[in-house]
Amino acid sequence: VDDLDHDQRFKTLIQEFFDDFMRLFFARWAERLDCSSPEWLPQEVFPDPPEGPRRVMDLVARLPAREPIPGARPTDGAWLALVHIEIESPDKAAPLRGRMHRYHVALRDRYGLPILPIGVFLRVGLDGIGIDTHLETFWELEVVRFQYLYVGLPGLDGVQYVQGDNWLGVALAALMRIPRERVAWLGAEALRRLTEAPLPKRRQFLLSECVQAYLPMDDQLRAEFEELMKAEPYQGVKAVNKTVYEQGIESGQRRMIRVLLEDRFGPLPKDVLDRLDALPGERLAPLGKEILRANSLTELGLADDQQRDRP
Amino acid sequence: VNKTVYELGVEAGIRELLRDQLADRFGPLPPEVAGRLEAMSYAQLRSLVKQVLRATSFKDLGLADD
Numbered sequence: 001v002d003d004l005d006h007d008q009r010f011k012t013l014i015q016e017f018f019d020d021f022m023r024l025f026f027a028r029w030a031e032r033l034d035c036s037s038p039e040w041l042p043q044e045v046f047p048d049p050p051e052g053p054r055r056v057m058d059l060v061a062r063l064p065a066r067e068p069i070p071g072a073r074p075t076d077g078a079w080l081a082l083v084h085i086e087i088e089s090p091d092k093a094a095p096l097r098g099r100m101h102r103y104h105v106a107l108r109d110r111y112g113l114p115i116l117p118i119g120v121f122l123r124v125g126l127d128g129i130g131i132d133t134h135l136e137t138f139w140e141l142e143v144v145r146f147q148y149l150y151v152g153l154p155g156l157d158g159v160q161y162v163q164g165d166n167w168l169g170v171a172l173a174a175l176m177r178i179p180r181e182r183v184a185w186l187g188a189e190a191l192r193r194l195t196e197a198p199l200p201k202r203r204q205f206l207l208s209e210c211v212q213a214y215l216p217m218d219d220q221l222r223a224e225f226e227e228l229m230k231a232e233p234y235q236g237v238k239a240v241n242k243t244v245y246e247q248g249i250e251s252g253q254r255r256m257i258r259v260l261l262e263d264r265f266g267p268l269p270k271d272v273l274d275r276l277d278a279l280p281g282e283r284l285a286p287l288g289k290e291i292l293r294a295n296s297l298t299e300l301g302l303a304d305d306q307q308r309d310r311p
Numbered sequence: 312v313n314k315t316v317y318e319l320g321v322e323a324g325i326r327e328l329l330r331d332q333l334a335d336r337f338g339p340l341p342p343e344v345a346g347r348l349e350a351m352s353y354a355q356l357r358s359l360v361k362q363v364l365r366a367t368s369f370k371d372l373g374l375a376d377d
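Going down the list, the protein sequences come from chains A and B.
Heads up: the first sequence begins at 1 in our numbering, then just goes up one per residue.
Heads up: the second sequence begins at 312 in our numbering, then just goes up one per residue.
Listed below in structure tokens is the structure:
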């Protein structure tokens, strides 16, 4: 499906659960850094020649270290550092390596602080959690050897994480390795645990939405999942969560109605698009039928005057 | 297993919209037509949406043989 913004969903999750994220995957580093209230720097834009003129870094946090950082100098008595996180949704690791290095150099030049680089792979497992390397050589000479920490979610055991005590880990289990026969159970169990978790509603929502958005499904697994959600331990769960499936239905219909309207009436002015976006979900299916007979956007209630309509 | 719940929802939403439109234009969907619609991918569904306006029959849309 074309316009899913996996990166944006993850940026929000990591910002909201940064401390959990660090403790879950990079515990040794979490002990050295104070991850409780990072300062998120404005989106950094840097030139990135191989992939286009400019690119935006995903996340850059400035935070104090809990202990002196060798080779660095304290700022106003604090040992400050940056944590740079890139989220990679394509199913290849290679494109990220060079980018991590280029961004690292740009950040170091701009801020002059020690930087912990982290890559998050949504569709590449590698060794689960580890250190990846970007190498640049000139014949036998190793000109650049750059390393960054990574987590490759599909390389981790989803069944183990869904039963763990880190709530972010429970949600991210949906992106990890799951035996097919346990997918429906894992989804139901993750939602049950998150619904019962002692978390503010907003945090519960973000985590539950992540489970529903990323749990790998086909029609058979979805039917299994729906059946399981009717069982005793999960009955209360469904009522709490507006499902991502329902959001998908609405998004698919809104998208296709726009395609139909543009096909009939040409490019849509912004105010028409705004009206379309503001329509409630239950209005979409009837509108889909009305488009077949309507002669104008006005007839459909999407424009105020005939001047905007095209015969 | 390669679709998320959201992606399944998007496809289901488009199918629902198409079923309504086709029934509105050509009458109740025969099982054969409904079956073909059910088996279509996201890309096929998206392309079908554009054809519905101009088609005059299920056959025009590749949803029936005769």
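For every residue, glycine included, the Cβ atom is placed at its ideal position computed from N, Cα and C.
Contact with chain A by residue i, beta-carbon distance below 9 Å
i	result
Gly320/B	yes
Gly346/B	no
Asp371/B	no
Thr315/B	yes
Glu343/B	no
Leu374/B	no
Leu328/B	yes
Val312/B	Because the pLDDT of Val312/B is 44, which lies under 50, any placement of that residue in the model is unreliable, and the number read from its coordinates should be weighed accordingly. Judged by the 9 Å Cβ criterion, Val312/B is in contact with chain A.
Where residue i falls: helix, strand or coil (DSSP)
i	result
Arg308/A	Reliability of the predicted coordinates at Arg308/A is poor, the pLDDT of 48 falling under 50, and the value obtained from them is presented with this limitation in mind. Of the three classes helix, strand and coil, the one that applies to Arg308/A here is helix, per DSSP.
Glu196/A	helix
Val60/A	strand
Glu142/A	strand
Asp334/B	Sequence inspection shows Ala at residue 334/B; the Asp mentioned does not correspond to that position. Of the three classes helix, strand and coil, the one that applies to Ala334/B here is helix, per DSSP.
Gly373/B	coil
Met217/A	strand
Glu299/A	coil
Lys230/A	coil
Residue i - containing alpha helix (DSSP H), residue span
i	result
Val360/B	Tyr353 to Val363
Val204/A	Note on residue identity: the sequence assigns Gln, not Val, to residue 204/A. Counting along the chain, the alpha helix (DSSP H) containing Gln204/A begins and ends at Lys201 to Tyr214.
Glu282/A	Gly281 to Arg293
Met100/A	Ala94 to Tyr111
Close Cβ partners of residue i (< 7 Å) along its chain, the five nearest in sequence each way excluded
i	result
Glu290/A	Leu300
Residue i - containing beta strand (DSSP E), residue span
i	result
Phe138/A	Ile129 to Phe138
Val83/A	Leu80 to Glu88
Val159/A	Run containing Val159/A: none in the beta strand (DSSP E); it sits in the alpha helix (DSSP H), Gly158 to Val162.
Ile118/A	Ile115 to Phe121
Short CB-CB distance (under 9 Å) between residue i and chain B
i	result
Tyr245/A	yes
Gly252/A	yes
Val272/A	no
Pro311/A	Here the model assigns Pro311/A a pLDDT of 47, short of 50, so the residue's position is not dependable, and the following value carries that caveat. No, because no Cβ of chain B sits closer than 9 Å to the Cβ of Pro311/A.
Asp219/A	yes
Ile257/A	yes
Asp263/A	yes
Gly155/A	no
Test item: CB-CB of residue i and residue j under 9 Å
i	j	result
Glu150/A	Leu175/A	First, the residue type needs correcting, since residue 150/A is Tyr and not Glu in the sequence shown. In this structure, Leu175/A does not lie closer than 9 Å to Tyr150/A by Cβ.
Glu246/A	Gly320/B	yes
Gly125/A	Leu153/A	yes
Beta-carbon contacts of residue i that lie in its chain and below 8 Å, excluding the five residues immediately before and after
i	result
Ala81/A	Leu33, Arg62, Leu63, Pro64, Ala65, Ile69, Ala72, Leu113, Pro114, Ile115 and Leu116
Arg330/B	Leu340, Ala345 and Leu348
Leu287/A	Ile257, Leu279 and Leu300
Val272/A	Leu261, Leu297, Leu302, Ala303 and Arg308
Asp127/A	Gly152 and Gly155
Close Cβ partners of residue i (< 6 Å) along its chain, the five nearest in sequence each way excluded
i	result
Ile178/A	Gly158 and Leu186
Phe146/A	His101 and His134
Near the ligand ATP: residue i beta-carbon under 8 Å from a heavy atom
i	result
Trp29/A	Absence of the ligand ATP from the depicted structure is noted, as is the absence of any ligand whatsoever, leaving it without description.
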